[in-house]
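Here is the structure we will look at, set down as structure tokens.
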Amino acid sequence: MIPRIRETSPVQSVYLAFIEALQDRGFAGDLNPDYANRTVLATDNSIYQVLPQGVVYPRNINDLVILATLSERDEFKQMVLSPRGGGTGTNGQSLTDGLVVDISRHMNQILEINQAERWVRVQTGVVKDQLNAALKPYGLFFAPELSTSNRATIGGMINTDASGQGSCLYGKTRDHVLELKTVLLDGSVCDSAPLDDTALAALRNRSDRVGDVVRLVDDIQRQHAALIDAKFPKLNRCLTGYDLAHIRTDEGEFNLNSVLCGSEGTLGFIAEAKLNVLPIPECSALVNVNYRDFNAALRDATELMKAGPTSIETVDSKVLNLAMNDIVWHSVSEFFPPVPGEDIKGINLVEYTADSDEALAEGIKRLTDTLDAMNDSVRESTGRIGYSVAMGNAAVGKIWGMRKKAVGLLGNAKGEARPIPFVEDTAVPPEHLADFILEFRALLDSHNLAYGMFGHVDAGVLHVRPAIDMKDPEQEKLVRVISDQVADLTQKYHGLLWGEHGKGVRSEYAPKFFGELYPQLQKIKAAFDPHNQLNPGKIATPNAEISLLSIDGVTTRGQQDRKIAVEVWEGYAEGMHCNGNGACFNWNPNDAMCPSYKATRERIHSPKGRSSLVREWLKQLSEREVNAVQEAKANRERNAVLSLPARIKNTINKKRGQYDFSHEVNESMQGCLACKSCVGQCPIKVDVPEFRSKFLELYYGRYLRPLKDYFIGALEYIMPTMVRVPWLYNGVMKPKISQKMLAKVAGMVDSPLLTGVDLDKALRDVNVRYASAQNIATLNAEQKAKTVIVVQDAFTSYFETELVLDSLKLLKILGFNPMLAPFKPNGKPLHVHGFLKAFAKAANNNAAMLNALAGTGISLVGLEPSMTLAYRSEYQKVLGDKAPKVALIQEWLAAQDLTEATALFAKSDYKLLAHCTEKTNAAASIKDWQTVYVALGQELNVLETGCCGMAGTYGHEAANVATSKKIFSQSWEAVVTEPANSGKLTATGYSCRSQVKRIQDQRLPHPLQVLLGSYQG
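Here the sequence shown is numbered in the numbering used here, starting from 25 and rising by one per residue.
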């Protein structure tokens, strides 16, 4: 039995007093000093881990004013406050040992769109893709691009002066900032915009902190203009942090926003922004140029730029190969055909955009004419080995989606040494990039390090991530060695160490870079933040007595992770390698990742949050000399009856409020839908349902399980008996009084009813036999070749028996000989709820039967996606290569010749709502449905939707009903209630169809039932 984790790291008394004072002052947002929130926000996408004292989520500007004003009181002046947006920084920008101020949860509204003047006003918690989705109907977009655009906030972009692909054309974030509203630490609100000299003079006369700041910044620019011009490099990616070079605009106006953009939360809370937006290009294309050598791709970029593209991005073979092994590849593979006899080592993605097809074609022709005219000598000198063209916004969007995901995919390299960010956004003049990277690679090679590379060659920025195991103290030392060497190398080539992703902890190199200008930056910091309370140690300190943070002076994630025993680390590997890239914070409600986070906006209810919590939980257990893997083995051998008194006692203490960190972890795990979208969409392949089940097994070894767990776990076992007396089961489940009692006692609501169909009799009626050894033995060779075995699952066999029968009828119409496998429990519900011993037993029993059937040479197929995909996921974890091979029915059908049956079906036009697990863990199978429909003369369009909110039995659990319905409302509701979709929708998942029936009282057919309905026989 695991111990109670009764103590963690306590919150300092001054922060508790501050949080209490915030409450008293009417702070309207959320205040979270709990250990779970602190743990989850202790990391970002960097190598660092810093535990904050608490997290606050302001609801409006007034909350920020309350925060700032309170922090000025004498008793709170030693406190630290750090603004945070998406938390995707790669250099620890938002990490703090003080109080995190996270604006993303509540301050995320788009306040005004002015189409005529092409500007938008937003709260800074708005996500970039969220903004562009709102602007799209107006034909506008916010131009600065970045790989984390689906979770990065506008505030984060402003604070790091973010930019990425396309920056040579569109510039950086500051180039699109028109006005900012910033709360300063004295509580004053600073509205900043470019000012002419008359307006500037008025502002200089103010006697508050805004006046002090403006006078200082203006004086620094006037007095040090020549030195600023000499020190600041003339680069596309110039500088992030107190950009003195752009205090005056090209028109000569004073612009305080140039100091605020890139300030990384060290000067104030940027609450609102007015942004310039641009017309969306009408059309686009990508010319993908392949190379036999990566350095050749870099050198060729300068030549390609002569053809006038919008942007050029580069990826190396390591990144490309990782993408090929991810679900993202199925959407882009057609654009990257292999080159016979050549090994592609690098690709330049050359983008063209235009407002007409003619202009686009003209741009592409400038490049392709050059590429087509190559002789062997040119090919040899340039390293080019062919190209392909992807036409249209849809195709280009898919490829950029792959390129964006490549950033995270590097973290999924095999082994413990994984590419990590710490010197990965250097910028040099583009003409020096190839020589710079040649030396950079030689440096890494001298340390025998593997690495991945990708980036913006048109801007001279390349992301280089060396592979280091930060759990190894010796390898950790390389961070200092390599950082120092790369900093010197960038200076040699007149570049920057921090060309794109901000300074953060790397600010320690700022004094060397700025030289005699650095004291001026310190003066700016002191004017805004005299007590060094805002994100201290980054960009600049307020005086010479205070030091900046150092790259090896901040706690790293690896230093914490090495406290976990190797056996435990490997036993929970599916959750250990989360690198904080934040893909699970995806804003898009029509994306499957991650429904519990989208519904709650709580980071503890995300894969990143759950991974952080289970890693901390394992560390806490390890510090108490408890090996979670060994404890799980002992737990399975332990007599549950003998441990009952202890579990009862512990549960009583829990209800009385006795603290155990495991309760906080459990709260996070209970919110998971076990939809497995994280497994398919997380670039690191974090598998929350897998480590969640391991946690629940141990947690309920100490505490009593809720009754609902036993009910759900036993469902597959009691159904074969209940189906014989459906009137009894339905009679108990249907009455409202029974439903109320079940909700109160068992924690279950809206439980489905049995269909009452006698499957044995129905099979005889449709002339289909069970797949028994005896029945299979009667088949001749011709019959056997046409036979397929349908594997049962409890959901469709007992609650949608008509679907099973309709599927068998359709298979017969298509000329096949379907047989039905005898029912055996699949065990997935057991796995979901942490009954791992029982699951292993169920999996072994079921696999024995299915493998015997497969041994006859007949294919096995399943109807229900989540249950069928368990055979290639949960079953493989337990059984390895003995896991039965069961295809999704569309995968099998798509591989068959259906042409002879085409004439049997009347044409129909339907829209597919696919199951989340199916979309994210078997993405290619969605196209298989379209293949099947086309073969039978039908049309099937796939709709982009998120999660329906049911996920097996999740939506039937009383504690989850509200969240389940909210998830449905975020994506599915609009699709299901759209009048144009009436009678045109089909859904693959049992749980999806159940949710639609429960909430909208509509019955959606399965895709096979749609086809059966189109049969003209």
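Glycine included, every Cβ here is placed at the ideal spot set by N, Cα and C.
Would you call His857 buried or exposed, if buried means 16 or more other Cβ atoms sit within 10 Å of its Cβ? The residue is buried, with at least 16 neighbouring Cβ atoms inside 10 Å.
Are the beta-carbon atoms belonging to Trp611 and Asp153 less than 7 Å from one another? yes
Thr222: buried (16+ other C-beta within 10 angstroms of its C-beta) or exposed? exposed
Tell me, which residues are paired with Ala297 by DSSP? Val146 and Leu204
Top-ranked residue by Cα proximity to Ala483, from Ala397, Pro333, Ser630 and Asp553: Pro333
Spatial neighbours of Thr290 in its chain, beta-carbon cut-off 7 Å, leaving aside the 5 residues before and after: Result list for Thr290: Lys549, Asp553, Leu558, Asn559, Lys562 and Ile563, in chain order.
When DSSP labels each residue in this structure, what does Glu375 get in the three-state scheme? strand
Roughly how many whole angstroms lie between the Cα atoms of Glu31 and Asn945? 39 Å
Pro1080 to Asn869 span [Cα, whole Å]: Any answer about residue 1080 is impossible in this case: the structure gives the chain only from 25 up to 1041.
Around the C-beta of Gly1041, are 16 or more other C-beta atoms found within 10 angstroms, so that it is buried, or is it exposed? Counting Cβ neighbours within 10 Å, Gly1041 comes out exposed, since fewer than 16 surround it.
Contact belief for Val213 with Leu280 at Cβ below 8 Å, rounded distance in angstroms: The Cβ separation is near 13 Å, so there is no contact.
Going by alpha carbons, who is nearest to Pro497 out of Asp469, Val590, Gln583 and Val241? Gln583
Exposure of Val790, with buried meaning 16 or more beta-carbon neighbours within 10 Å: exposed
Span separating the alpha-carbon of Asp317 from that of Phe42: 58 Å
For the segment 572–588 against the segment 500–511, do three or more pairs of beta-carbon atoms, one drawn from each stretch, fall closer than 8 Å, so that the two count as touching? yes
Continuous beta strand (DSSP E) stretch holding Leu937: start and end: Asp933 to Leu937
Would you call Gly539 buried or exposed, if buried means 16 or more other Cβ atoms sit within 10 Å of its Cβ? Exposed is the call here.
Alpha-carbon spacing of Thr802 relative to Tyr753, whole angstroms: 37 Å
If we call anything under 7 Å between Cβ atoms a contact, is Ala437 one with Asn319? no
For the segment 65–83 against the segment 701–708, are there 3 or more C-beta pairs whose distance is under 8 Å? no
How far does the alpha helix (DSSP H) with Tyr741 in it reach, from first residue to last? Leu731 to Met746
Local conformation of Ser667 per DSSP, three classes: coil
At least 3 beta-carbon pairs within less than 8 Å: the segment 949–959 vs the segment 918–929: yes
When you compare the segment 414–422 with the segment 305–314, are there three or more beta-carbon pairs, one atom per stretch, that lie closer than 8 Å? Three or more Cβ pairs drawn from the segment 414–422 and the segment 305–314 lie within less than 8 Å of each other, which places the two stretches in contact.
4 or more residues per run - each alpha helix (DSSP H) lying fully within the segment 760–843: 760–765, 783–789, 797–801, 805–809 and 825–837
Leu170 and Ala158 closer than 7 Å at C-beta: Between Leu170 and Ala158, the C-beta spacing is not below 7 Å.
If you follow the alpha helix (DSSP H) that Ile1023 is in, where does it begin and where does it stop? Tyr1014 to Gln1024
Taking its Cβ as the centre, do 16 or more other Cβ atoms sit within 10 Å of Ala975, making it buried, or is it exposed? buried
So, helix, strand or coil for Glu169, using DSSP? Assignment of Glu169 by DSSP, reduced to helix, strand and coil, places it in the coil class.
Need the endpoints of the beta strand (DSSP E) that Glu358 sits in, please. Premise fails: Glu358 is in no beta strand (DSSP E) and is neither H nor E.
Ala321 burial status per 10 Å Cβ neighbour count (16 or more: buried): buried
Identity of the residue in Ile336, Ser412 and Asn345 nearest Val485 by Cα: The residue from Ile336, Ser412 and Asn345 with its alpha-carbon nearest to that of Val485 is Ile336.
When you compare only the Cα positions, how much space is there between Glu524 and Val828? 55 Å
Could you please give the first and the last residue of the uninterrupted alpha helix (DSSP H) stretch that includes Ile461? Leu457 to Ser470
Starting from Ile336, trace the beta strand (DSSP E) in both directions and tell me its first and last residue. Ser335 to Asp340
So, under 8 Å CB-CB, Val151 and Ile182 are touching, yes? Tell me the CB distance rounded to an integer number of Å. The pair is not a contact, with the Cβ atoms about 13 Å apart (cut-off 8 Å).
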